[in-house]
Ligand code: IVH
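Numbering (my numbering), first residue to last: 26 to 734.
Here it is as structure tokens:
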């Protein structure tokens, strides 16, 4: 690990024994060594050691030194090459047109854009009064560069960038990516190399890591989780077994061309980069919709700002934007410096991965008693916010990452995903740093913490005797989607529980003004509001009440289903596991959890007391006997509805007694069609089956929705 301060461009510490030049030479050598090592880990091993931001900082420092003393620009310097070595396992491919790197403006403000425009104008000899340069502004995808070679319209080869001149033949793996056309329309050139980025969407990455964690927890050998989507994508592309690669969901965006031979009659060479992107889209390649044609530096700055705002909402990672001169003739005039074109620049955003240190590891207790280790970090600005906590998930994850107090770690925060410790920078570990172990007792109540077989988590078995779980139970009960006690938030609950004023849910309804105004910062007016909110919360619904009890594995949807199925709380409380299993979507885990919950006398007592305090709801007959207007009707859903998801529409119909089928036949009672409805709609029309839209669907089930919300 290098500290950039050591490489700052100052003459500090300059002694009589060594000149500034000698010092710079030494610095350059050290940085080069570090960069070589980091690049090897990143490109060749697909296992990055430090965040990109750290690499970029060292890289820029080296560039500065080399600019200052051109003799330091050795041919083996990382500034003189792109990418990494080629793995011997793959066939080597020579790129007919080299795969270049782009100069990076790391700067977070608009100056990166204006500096680029200034350089371009100068190179083109454009004076002040002369027109603005046209640019294409694109996203800088955080994946890996790929060259796709099509001959006579057929994908014959896919190659990684490698060192820019020689890449690896990864055709078999790339063929498994659904977004990459294997065959192009007939109007393409004889030879067409499409260049772009292979990447992994964030949701696909999370799901993949979830699957990997499951495999590891089941004892699978040689499996690992991935540190970020790009690393996962690189691992998948360079996977030797294509079957495994096929299970790693990859995506693709096209952004340029490599070798092109023999333009067809219909398509002649383009004059503009933007036209080329449109053509790539027409040929079936994904091109990011954010791509824009803009004018001059103002246009670039505007684009940079707009994308910075949209970044978190994108379903994939980007690390910046790329600006390219639109006119290909001008691109040609601008040419290249070493291996970077003068007509393009990457303008980066603040990093989503940064380095920081672990100050302590705390164990937090959740509502269901789950113990979660959390790393307390030295504050670090990453992904646009200051991060001080990162979850370590559970014991296995903490062990696997082997995070220890005092460690230097890579922290990642991308999008709205909670901050995570990606990995430890082992070379920075302090001597004597002890391995983290989960406590065997609950850190809050001292009850034994137990980990069941097949479970990743330790749980405090203190139940509601544990203050941490108690607090969470109150919060859960009082939340908007449960029994809803307006104003009863975390701070108030902390005070009430810590002061011993409330210990079980019914205690809430026994609160009086005197007890409340004695609390810190509680004026009479707020206290009265809380009492009013508590009073109002007494009139609730059965699903909200069931959900509010906080039974493990019983979410909102399951609570609704129970209310609908049993009609009354008593029926649910008395139901055997067998009866519980009859409820739709209820499996053995949920059934057992409900059974165990209601078997406990103190839970029965809590329910009885809540009722005695005046908490009430409407009850109804169990579902079987309920009036169900759609009983015996079969409904088919097709296309997408404006407001309801497919699952929601299905649940509604089933709740009204209908059967939801997959295909249209004479027996179909109704077809509900949204936009992009296909052949099912045609068939319905042909058979004369009534077709409804979303409003029609709602009408059909209206008044028959027994979930009581
Ligand atoms: S153009 C001559 N456009 O950034 C320019 N590259 O150092 C060639 N990248 O790893 C590249 N998004 O894969 C270009 N819209 C984009 C890009 C992009 C991401 C990557 C590229 C390479 C690096 C260039």
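Even for Gly, the Cβ is constructed at its ideal location relative to N, Cα and C.
Quick caveat: nothing in here was measured; it's all calculated off a predicted structure.
Got a sec: does the ligand IVH put a non-hydrogen atom nearer than 7 Å to the Cβ of residue 275? Taking the first residue of the chain shown as position 1, residue 275 is located at position 250. No, the beta carbon of residue 275 sits no closer than 7 Å to any heavy atom of the ligand IVH.
Could you check if residue 137 belongs to the surroundings of the ligand IVH, using beta carbon to heavy atom distance under 7 Å? Taking the first residue of the chain shown as position 1, residue 137 is located at position 112. Relative to the ligand IVH, even the nearest heavy atom lies 7 Å or more away from the CB of residue 137.
In chain order, each alpha helix (DSSP H) run of at least 4 residues that lies wholly inside the region 653-723: You should have 671-680, 704-712.
Through-space distance from residue 513 to residue 675, alpha-carbon basis: Taking the first residue of the chain shown as position 1, residue 675 is located at position 650. Taking the first residue of the chain shown as position 1, residue 513 is located at position 488. Approximately 35 Å, taken between the alpha carbons.
Using 8 Å as the cut-off, can you tell me whether the region 654-670 makes contact with the region 624-632, which would need three or more C-beta pairs spanning the two stretches below that distance? At 8 Å Cβ cutoff, the stretches do not touch.
Is residue 664 near the ligand IVH, in the sense that its beta carbon is under 7 Å from a heavy atom of that ligand? Counted from its first residue, the chain shown places residue 664 at position 639. Every heavy atom of the ligand IVH is 7 Å or more from the Cβ of residue 664, so no.
For the region 198-205 against the region 237-255, do three or more pairs of beta-carbon atoms, one drawn from each stretch, fall closer than 8 Å, so that the two count as touching? No contact exists between the region 198-205 and the region 237-255.
With DSSP as the reference, please indicate the residues paired to residue 398 in a beta bridge. As a first step, residue 398 is located in the chain shown; it is residue number 373 there, counting from the start. For residue 398, which the question treats as bridged, DSSP gives the partners 388.
Whole angstroms is fine: what's the gap from residue 421's alpha carbon to residue 611's? For the purposes of this step, residue 421 is taken as the residue at position 396 of the chain shown. For the purposes of this step, residue 611 is taken as the residue at position 586 of the chain shown. Residue 611 has its alpha-carbon roughly 29 Å from the corresponding atom of residue 421.
Return the first residue and the last residue of the alpha helix (DSSP H) that residue 545 is part of. Taking the chain shown and counting its residues from 1, the one referred to as residue 545 is at position 520. Premise fails: residue 545 is in no alpha helix (DSSP H) and is neither H nor E.
Considering only DSSP beta bridges, list what residue 448 is partnered with. Taking the chain shown and counting its residues from 1, one reaches residue 448 at position 423. Residue 448 is bridged by DSSP to 435.
According to DSSP, simplified to helix, strand and coil, what is residue 281? Locating residue 281 in the chain shown gives position 256, where the first residue counts as 1. Here residue 281 carries a strand assignment [DSSP, helix/strand/coil].
Using beta-carbon positions only, say whether residue 76 and residue 452 come within less than 8 Å of one another. As a first step, residue 76 must be located in the chain shown, where it is residue number 51. As a first step, residue 452 must be located in the chain shown, where it is residue number 427. Pairing residue 76 with residue 452 gives a Cβ-Cβ distance that is not under 8 Å.
Bridge partners - residue 128, DSSP secondary structure assignment: On the chain shown, residue 128 is found 103 positions in, with the first residue counted as 1. Answer by DSSP bridge pairing, in chain order: 370.
Spell out the partners DSSP gives residue 184 in its beta bridges. Position 159 of the chain shown holds residue 184. Residue pairing of residue 184 in beta bridges, as defined by DSSP: 172, 194.
Residues that residue 361 bridges to, as DSSP identifies them: Locating residue 361 in the chain shown gives position 336, where the first residue counts as 1. 366, per the DSSP bridge assignment.
Closest to residue 637 by CA distance: which of 722, 530, 592, 694 is it? Taking the chain shown and counting its residues from 1, one reaches residue 637 at position 612. Closest option to residue 637, Cα to Cα, is 530.
Do you know offhand how far residue 487's Cα is from residue 243's? The count along the chain shown starts at 1 and reaches residue 487 at position 462. The count along the chain shown starts at 1 and reaches residue 243 at position 218. If you take the alpha carbons of residue 487 and residue 243, they lie about 28 Å apart.
Once DSSP output is grouped into helix, strand and coil, what is the label at residue 201? Here residue 201 is taken as the residue at index 176 of the chain shown, counted from 1. When secondary structure is reduced to three states using DSSP, residue 201 falls in the coil class, being assigned neither helix nor strand.
In the DSSP assignment, find the beta strand (DSSP E) that holds residue 343 and state where it starts and stops. Here the question's residue 343 lines up with position 318 in the chain shown. DSSP places residue 343 in the uninterrupted beta strand (DSSP E) bounded by 343-350.
Out of 484, 478, 160, point me to the one whose CA is closest to residue 465's CA. By one-based count along the chain shown, residue 465 stands at place 440. Considering only alpha carbons, the answer is 484.
For residue 256, count neighbouring Cβ atoms within 10 angstroms of its own Cβ and tell me buried if that reaches 16, exposed if not. What you label residue 256 is simply residue 231 of the chain shown in a count that begins at 1. By the 10 Å Cβ count, residue 256 comes out buried.
Could you have a look at residue 593 and say whether DSSP puts it in helix, strand or coil? One-based indexing of the chain shown puts residue 593 at position 568. It is coil, neither helix nor strand.
How would you label residue 410, buried or exposed, when you count the other beta carbons within 10 angstroms and need 16 or more for buried? Position 385 of the chain shown, counted from the start, is the residue given in the question as residue 410. Flag for residue 410 reads exposed.
So, are the CB atoms of residue 456 and residue 432 less than 8 Å apart? Numbered from 1 along the chain shown, position 431 holds the residue referred to as residue 456. Numbered from 1 along the chain shown, position 407 holds the residue referred to as residue 432. One thing to note: residue 456 has its Cβ no nearer than 8 Å to the Cβ of residue 432.
Between the CA atoms of residue 449 and residue 258 - distance to the nearest angstrom: Start at 1 with the first residue of the chain shown, and residue 258 comes out as number 233. Start at 1 with the first residue of the chain shown, and residue 449 comes out as number 424. Approximately 21 Å between the Cα atoms of the pair.
Relative to the alpha-carbon of residue 363, which residue among 104, 427, 444 has its alpha-carbon at the smallest distance? Mapped onto the chain shown, residue 363 falls at position 338. Nearest C-alpha to residue 363: 104.
Let me make sure I understand the geometry here. Which of 622, 695, 608, 144 has the alpha-carbon closest to that of residue 647? Within the chain shown, residue 647 is the residue found at index 622, counting from 1. Residue 647 has its Cα closest to that of 608, out of 622, 695, 608, 144.
Which term fits residue 699, buried or exposed, when burial requires 16 or more other beta carbons within 10 angstroms of its beta carbon? Here residue 699 is taken as the residue at index 674 of the chain shown, counted from 1. It counts as buried.
Taking the C-alpha atoms as reference points, what is the distance between residue 667 and residue 673? Translated into positions along the chain shown, residue 667 becomes position 642. Translated into positions along the chain shown, residue 673 becomes position 648. Inter-residue distance for residue 667 and residue 673 is about 12 Å (C-alpha atoms, whole angstroms).
Answer yes or no: the CB of residue 172 versus the heavy atoms of the ligand IVH, is any distance below 7 Å? If you number the chain shown from 1, residue 172 lands on position 147. Short note on residue 172: C-beta not closer than 7 Å to any heavy atom of the ligand IVH.
Assuming residue 146 is part of the beta strand (DSSP E), what are its boundary residues? In the chain shown, residue 146 corresponds to position 121, counting from 1. Note, residue 146: premise wrong, no beta strand (DSSP E); alpha helix (DSSP H) at 136-148.
Leaving out five residues on either side along the sequence, give the residues of the same chain with a beta carbon under 8 Å from the beta carbon of residue 436. Taking the first residue of the chain shown as 1, we reach residue 436 at position 411. The answer, listed in chain order, is 378, 379, 380, 381, 402, 405, 407, 412, 415, 444, 445, 446, 447.
CB-CB under 6 Å to residue 279, same chain, minus the five flanking residues each way: which ones, in chain order? On the chain shown, position 254 is the one that residue 279 refers to. Scanning its chain for C-beta atoms nearer than 6 Å, with the 5 sequence neighbours on each side dropped, one finds around residue 279 the residues 219, 221, 305, 310, 312, in chain order.
What residue range does the beta strand (DSSP E) around residue 416 cover? Numbered from its first residue, the chain shown carries residue 416 at position 391. Counted as a single uninterrupted DSSP element, the beta strand (DSSP E) harbouring residue 416 occupies residues 410-416.
Comparing C-alpha positions only, which one of 318, 151, 326, 44 sits nearest to residue 134? As a position in the chain shown, residue 134 is number 109, starting the count at 1. Checked all of 318, 151, 326, 44; the closest Cα to residue 134 is 326.
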